[in-house]
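Peer 1: If you read the protein sequences in the order shown, they are chains V and Z.
Following my numbering, the numbering of the first sequence begins with 1 at its first residue and continues without gaps.
Following my numbering, the numbering of the second sequence begins with 1001 at its first residue and continues without gaps.
Take this structure first; my questions come after.
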Amino acid sequence: MDNQTAAAAAGTPVVPKPSQPKVKGAKRFFKLLLKQKALICMSVPFVIWIFVFKYLPLWGWTIAFQHYRPNLGMFQQEWVGLSQFKFLFSDDSFIRVMRNTLAMAVIKLVLGFVTAITLAVLLNELRLIFFKRFVQTISYLPHFISWVVAANLISTALSIDGDGIINKVLVGLHIIPEPIMWLGIGPYFWGILGISEVWKDVGWNTIVYLAAMTMIDPSQYEAAEIDGANRFQRILRVTLPGLKPVIIILLIMNLGSILETGFEPQYLLGNGMNAEYSENLEIFVLKYGISMGNFSLATAAGIFKTVVSFILLFSANALAKRMGEERLF
Amino acid sequence: MVRKKLAMLGLALLMTASLTACGGGGNGGKNNASSAEPSGNAGASNSANNTAQEDKTPVTFTYFNANSQVPDIDSNKTEIGKKLEEQTGVNFKLQFPVGDVNTKIGTMIASGDYPDVLAPDTAIDKILDAKAFIPLNDLIEQYGPNIKRVYGPYFNQMKQADGNIYFLPFSAVVGDYLPAPTIGQGAFFIQRRVLKEFGYPKIKTLDEYFDLIKKYNDAHKSEGLTGFTSLTYDWRTMGIFNAPMHLAGYPNDGDVIVDMATHKANVYADDDYTKRWLKKLNEINNEGLYDKSSFVNNYDQYLAKVSSGKVLGFFDYEWEVDQAIQNIRKTGNDDLDYMPLPIVFDQNTKDQYLDPNSFVDNRGVGITTSAKDPVRIIKFFDNMLKEENQIMIQWGFKGETYEVNDQGRFYLTPEQIEARKDNATNQKVGFTYFNYSWPMYGTASTLSDGNAYAVNSQPEVAQASFTEGDRNILEKYGVRTFSELFAAPDDRPWYPAWSISIEQGSPAEIFQQKSKDVKLKYFPKLVLAKPDQFDAIWEEYLKEFGKLDVKGFESTMDELIAAKIAKVTGTGN
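Below is the structure:
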């Protein structure tokens, strides 16, 4: 028993690296292949899965270069080159739509990170388990409400009529002289959206940080305590550095999807008065692509988004690599 | 290096091999499906050959109906559906959209997988574009004597550019044209207590309308009333966009008004009509009568607002506020109910709120390319159009849901009228599922014995279903029905221009979207502005609107209207 375990324990790490004679080229490859056959066999299904579901659909990108008609076959389509992209980039509203998309994405990203990390750190400091659970449950419940319901709650809370609680409170406290039509003033929209997103997702986003915090070695806290660090210093010197890898990985991943600012809140809370600030790329695509049956335009916009995301993801990753930080790949 | 590449190639080949295996499986499935299809068709044609004994073997088809949002059901679970199944052996799985219709239809098109029967509502252009409907000409010729009887006069209009008929619309008038006694379309609505307080005055112009509301509001300052509200949400923008057209004395032609003599279309959003309307709204807003949140409210909030009974007036189409008005009726307080009025700009303008007799040819029901057995379906459709079945679908069952008097006139007892207001009953009998969105007589039709086809158009029923308050207010205005207050519609062969389909993604359609965006941006500004800024913002709006291809859109509409007139009057194809 003892021998076995000892051998097993010794066996794995002590693979003599340089002892293998250098075999060249194909021979070496197949030898390696043979040696790792179990591994290869296990990964084949997944490679196939990825190929079928992630790469084959890329074929559909050709739609972006056609005047696509769903009833015609592939070879009967009319090819139009880059004209869909031209329409997309030359449209007056494109710049505005991109500005809104990026602004809302950045607001969502920064606000989302800051609030989630803050809440997670604060929750971590709580010693009263019941209260901690309570706060956590309350804060992540909104995540499960659909945006349709959430948007109704938000627009009711913000309305200038009798039931608009925000205006009621603010007027009652004499902070503002008369009710403000919050959703009717364009520049407020980004803020409203940011706060709404935080309200909806902050609790949910803390979960991953709380999980990461449990991985931090308690002895570090003890050591810090012995060295005379107060609570705030412990957060700053132990907890946050402990979270850093998670934060960076999540940041890189989120940067990759920065153009996916979502569609529902903007669509449901948007109206003519704030369209200048609320209309994002997805709504633009819905209006001029899907609603008009112009699937080509929608695909072109999708390609554009993918390319931008790709660039962002890779540069963030490269940056992380250069700074010697945790990275995605 | 080269070897490594070779190895990679080998790996790639391996993967391709496994993929083709996969693809082969897929093809196999497809083959099975297509081999099953001919046999189905064969069965159908067999039954067609010996028409002596109708094929009544039970069969279930799927029908996706985008026109209404009600619970899904098997048609034979309803009384009407059961009867129709007894006659034909056909049962339908009825499905209705949840959420956005266009998305749902878009998904169908993308997958090429359709229900057997489809009523795509607003998405019909997409379906036609995708060639998802099969042509019905031959089927009608062979199996549709009743379809020919009902739709025959309209075949010309139903034909698409390629000369085929792909779907059956819902508005083919059979018999005499019988206008509805109530207002189902646009009108300026005013709360009855306002009219009551001032002794039921006859008001005609927009100024009179708002003066009355102002007078009432001033007298009831403490009640927290809303003078006038409207809705601009999603596609529901007609409440503010369409009013100028009606105020100028035109019926609802959508984005344009069409000249009676020259048949030229004119976009009125940049006209004086619109300016005059918005200026008036601006004026009443500054008097505190306009509901500012009109521009931010969503549809639910709008309905809630109207249901509250605190809104004195609004312009809208009846079908859009129907739910809210029904809610008010339930309170039993007639003062809070609304009265539809044909308000116009000037005393001498003739109102044209009522729809002219028209054939809406861009809504309908068709059989899709996925249909297993089109012959059985078209036979079912034809059977539905028999007069006795049309009576059953609208009126239900004699002695149960309607009565007939000695003179052969159909009527409802008060209990039957009450029962018809109950959704559960309507679903159980099947009215909910059958009295629209199927091949049918248009609602303004009359039956061969002179009774009205639509229950609510039967004068006896209308009179009996008016509330005490309805009868009272009608008497005060000296009319028998609400529609009598409105001018009779002039003949407009192109009407309604909004139903003329515009090519998907064409410049005209892009214009419609862009003009909507510009209007949505500027109308709130114009209405909510300080009065002295109005003209400056109007100029800015005109400049912005002028950047769009208004002329191009108008000339496209001119062509389409001319083509439609030619079709309707029979001078074209």
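Ideal Cβ positions, reconstructed from N, Cα and C, are used throughout, including at glycine.
Determine the DSSP secondary structure at Leu1195 (chain Z), reduced to helix, strand or coil.
Peer 2: As a position in the second sequence, residue 1195 (chain Z) is number 195, starting the count at 1. In this structure, Leu1195 (chain Z) counts as helix in the three-state DSSP scheme.
Peer 1: Per DSSP, what kind of secondary structure is Gln1095 (chain Z) in: helix, strand or coil?
Peer 2: Taking the second sequence and counting its residues from 1, one reaches residue 1095 (chain Z) at position 95. Strand, per DSSP.
Peer 1: Closer than 9 Å, CB to CB, is Lys287 (chain V) near chain Z or not?
Peer 2: As a position in the first sequence, residue 287 (chain V) is number 287, starting the count at 1. Yes - at least one Cβ of chain Z is within 9 Å of the one on Lys287 (chain V).
Peer 1: Could you name the residues of chain Z that Arg69 (chain V) contacts, counting a contact when the two beta carbons are closer than 9 Å?
Peer 2: Counting from 1 along the first sequence, the entry for residue 69 (chain V) is found at position 69. Chain Z residues near Arg69 (chain V): Asp1129, Ala1130, Lys1131.
Peer 1: Consult DSSP for His67 (chain V) and reduce its assignment to one of helix, strand or coil.
Peer 2: Residue 67 (chain V) sits at position 67 when you count from the first residue of the first sequence. In this structure, His67 (chain V) counts as strand in the three-state DSSP scheme.
Peer 1: Mind checking which residues open and close the beta strand (DSSP E) that includes Asp1334 (chain Z)?
Peer 2: On the second sequence, residue 1334 (chain Z) is found 334 positions in, with the first residue counted as 1. Unbroken run through Asp1334 (chain Z): none, as it is neither H nor E.
Peer 1: I'd like to know whether the C-beta of Ser155 (chain V) is nearer than 9 Å to at least one C-beta of chain Z.
Peer 2: Start at 1 with the first residue of the first sequence, and residue 155 (chain V) comes out as number 155. Chain Z contact via Cβ: present.
Peer 1: As a quick exercise: from Z:Lys1126, Z:Leu1118, Z:Gly1309, pick the residue whose alpha carbon is nearest that of Val1194 (chain Z).
Peer 2: The residue you call residue 1194 (chain Z) lines up with position 194 of the second sequence. The shortest Cα separation from Val1194 (chain Z) among Z:Lys1126, Z:Leu1118, Z:Gly1309 belongs to Z:Gly1309.
Peer 1: Suppose the cutoff is 8 Å on Cβ atoms and the five residues either side in sequence are ignored; what does the same chain contact list for Pro1038 (chain Z) look like?
Peer 2: On the second sequence, position 38 is the one that residue 1038 (chain Z) refers to. Caution is warranted here: a pLDDT of 39 is assigned to Pro1038 (chain Z), below 50, making its placement in the model unreliable, and no coordinate value can be reported.
Peer 1: Residues of the segment 160 to 186 of chain V in Cβ contact with chain Z at a cutoff of 7 Å, in chain order, please.
Peer 2: Ile160, Asp161, Met181, Leu183, Gly184
Peer 1: Roughly how many whole angstroms lie between the Cα atoms of Gly1227 (chain Z) and Leu1528 (chain Z)?
Peer 2: Counting from one through the second sequence, the residue named residue 1227 (chain Z) turns up at place 227. Counting from one through the second sequence, the residue named residue 1528 (chain Z) turns up at place 528. So the alpha carbons of these two residues sit roughly 15 Å apart.
Peer 1: Considering only residues of the same chain and omitting the five flanking positions on each side of Leu1281 (chain Z), which have a CB-CB separation below 7 Å?
Peer 2: Along the second sequence, read from residue 1 onward, the residue named residue 1281 (chain Z) stands at position 281. Closer than 7 Å at Cβ, skipping near neighbours: Tyr1290, Val1527.
Peer 1: Quick check for students: name the residue ranges of the alpha helix (DSSP H) that lie wholly in the segment 1329 to 1386 of chain Z, counting only runs of 4 or more.
Peer 2: Whole alpha helix (DSSP H) segments, 4+ residues: 1374 to 1384.
Peer 1: With DSSP as the reference, please indicate the residues paired to Leu1168 (chain Z) in a beta bridge.
Peer 2: Residue numbering aside, residue 1168 (chain Z) sits at position 168 when the second sequence is read from its first letter. Bridge partners of Leu1168 (chain Z): Z:Val1365.
Peer 1: Run the CB neighbour count on Arg133 (chain V), radius 10 Å, all protein chains shown included, and call it buried at 16 or more, exposed below.
Peer 2: In the first sequence, residue 133 (chain V) corresponds to position 133, counting from 1. Exposed: under 16 other Cβ atoms inside 10 Å.
Peer 1: From Tyr1402 (chain Z) to Val1070 (chain Z), what does the alpha carbon distance come to, in whole angstroms?
Peer 2: Stepping through the second sequence from its first residue, residue 1402 (chain Z) is reached at position 402. Stepping through the second sequence from its first residue, residue 1070 (chain Z) is reached at position 70. The alpha-carbon atoms of Tyr1402 (chain Z) and Val1070 (chain Z) are separated by roughly 24 Å.
Peer 1: Let me confirm a value: Ser1045 (chain Z) is counted as buried when at least 16 other C-beta atoms fall within 10 Å, else exposed. Which label applies?
Peer 2: Position 45 of the second sequence, counted from the start, is the residue given in the question as residue 1045 (chain Z). Its pLDDT being 41, under 50, Ser1045 (chain Z) is placed unreliably in this model, and the value from its coordinates should be taken loosely. Exposed, by the Cβ-count rule.
Peer 1: What residues from the segment 212 to 242 of chain V come within 9 Å of chain Z, judged by C-beta to C-beta, listed N to C?
Peer 2: Cβ contacts with chain Z come from no residue of the segment 212 to 242 of chain V.
Peer 1: Which residues, in order along the segment 284 to 308 of chain V, keep a beta-carbon less than 7 Å from a beta-carbon of chain Z?
Peer 2: Against chain Z - using a Cβ distance shorter than 7 Å - the residues of the segment 284 to 308 of chain V are Lys287, Tyr288, Ile290, Ser291, Met292, Gly293, Asn294.
Peer 1: Give a yes or no on contact between the segment 1334 to 1351 of chain Z and the segment 1238 to 1258 of chain Z, applying the rule of three or more CB pairs nearer than 8 Å.
Peer 2: yes
Peer 1: Please list the partners that Lys1104 (chain Z) has in chain V, where partner means a Cβ-to-Cβ separation under 8 Å.
Peer 2: Residue numbering aside, residue 1104 (chain Z) sits at position 104 when the second sequence is read from its first letter. The contacting residues do not exist; Lys1104 (chain Z) stays about 12 Å from chain V at best.
Peer 1: Alpha carbon to alpha carbon, what distance is there between Ala1180 (chain Z) and Gly1570 (chain Z)?
Peer 2: Stepping through the second sequence from its first residue, residue 1570 (chain Z) is reached at position 570. Stepping through the second sequence from its first residue, residue 1180 (chain Z) is reached at position 180. Computed Cα separation, rounded: 27 Å.
Peer 1: Applying a beta-carbon distance threshold of less than 9 Å, which residues of chain V neighbour Leu1520 (chain Z)?
Peer 2: The residue given as residue 1520 (chain Z) occupies position 520 in the second sequence. Going along chain V in sequence order, the residues near Leu1520 (chain Z) (Cβ under 9 Å) are Asn271, Gly272, Met273, Ala275.
Peer 1: Name the residues in the segment 1273 to 1298 of chain Z whose C-beta lies less than 7 Å from a C-beta of chain V; which are they?
Peer 2: Listed by position along the chain: Lys1292, Ser1293, Phe1295, Val1296, Asn1298.
Peer 1: Which partner residues of Tyr288 (chain V) appear in the DSSP bridge assignment?
Peer 2: As a position in the first sequence, residue 288 (chain V) is number 288, starting the count at 1. DSSP output for Tyr288 (chain V) lists no bridge partner at all.
Peer 1: Measuring alpha carbon to alpha carbon, tell me which residue in V:Val121, V:Gly81, V:Ala38 is nearest Gln233 (chain V).
Peer 2: As a first step, residue 233 (chain V) must be located in the first sequence, where it is residue number 233. Nearest C-alpha to Gln233 (chain V): V:Val121.
Peer 1: Can you tell me which of Z:Gly1366, Z:Val1090, Z:Phe1295 puts its alpha carbon nearest to the alpha carbon of Gly186 (chain V)?
Peer 2: Along the first sequence, read from residue 1 onward, the residue named residue 186 (chain V) stands at position 186. Checked all of Z:Gly1366, Z:Val1090, Z:Phe1295; the closest Cα to Gly186 (chain V) is Z:Phe1295.
Peer 1: Give the residues from the segment 118 to 137 of chain V that approach chain Z closer than 9 Å (Cβ to any Cβ), ordered along the chain.
Peer 2: none
Peer 1: Establish whether the CB of Ala38 (chain V) and some CB of chain Z are separated by less than 9 Å.
Peer 2: Locating residue 38 (chain V) in the first sequence gives position 38, counting from the first residue. Ala38 (chain V) does not count as touching chain Z.
Peer 1: Am I right that Asn1091 (chain Z) and Asn1102 (chain Z) are in contact with their C-beta atoms under 8 Å? What's the rounded C-beta distance?
Peer 2: In the second sequence, counting from the first residue as 1, residue 1091 (chain Z) sits at position 91. In the second sequence, counting from the first residue as 1, residue 1102 (chain Z) sits at position 102. Not a contact, Cβ separation roughly 29 Å.
Peer 1: Does the segment 1155 to 1162 of chain Z come into contact with the segment 1418 to 1438 of chain Z, if we say contact requires no fewer than three beta-carbon pairs (one atom in each stretch) closer than 8 Å?
Peer 2: no
Peer 1: Does the beta-carbon distance from Phe1170 (chain Z) to Ser1437 (chain Z) come in below 9 Å?
Peer 2: In the second sequence, the residue the question calls residue 1170 (chain Z) occupies position 170. In the second sequence, the residue the question calls residue 1437 (chain Z) occupies position 437. In this structure, Ser1437 (chain Z) lies closer than 9 Å to Phe1170 (chain Z) by Cβ.
Peer 1: How about Pro1374 (chain Z) and Leu1139 (chain Z): do their beta carbons lie closer than 9 Å?
Peer 2: In the second sequence, the residue the question calls residue 1374 (chain Z) occupies position 374. In the second sequence, the residue the question calls residue 1139 (chain Z) occupies position 139. Yes, they are a contact pair.
Peer 1: Below 8 Å, can you find three or more Cβ-Cβ pairs linking the segment 254 to 270 of chain V to the segment 99 to 118 of chain V?
Peer 2: yes
Peer 1: So which residues on chain V does Gly1469 (chain Z) lean against when the C-beta distance must stay under 9 Å?
Peer 2: Reading the second sequence from its first residue, position 469 is the one you call residue 1469 (chain Z). The contacting residues do not exist; Gly1469 (chain Z) stays about 27 Å from chain V at best.
Peer 1: Figure out for me which residue from V:Gly293, V:Met213, V:Asp227, V:Ser155 has the closest Cα to the Cα of Tyr1299 (chain Z).
Peer 2: The residue given as residue 1299 (chain Z) occupies position 299 in the second sequence. Measuring from the Cα of Tyr1299 (chain Z), the nearest candidate turns out to be V:Ser155.
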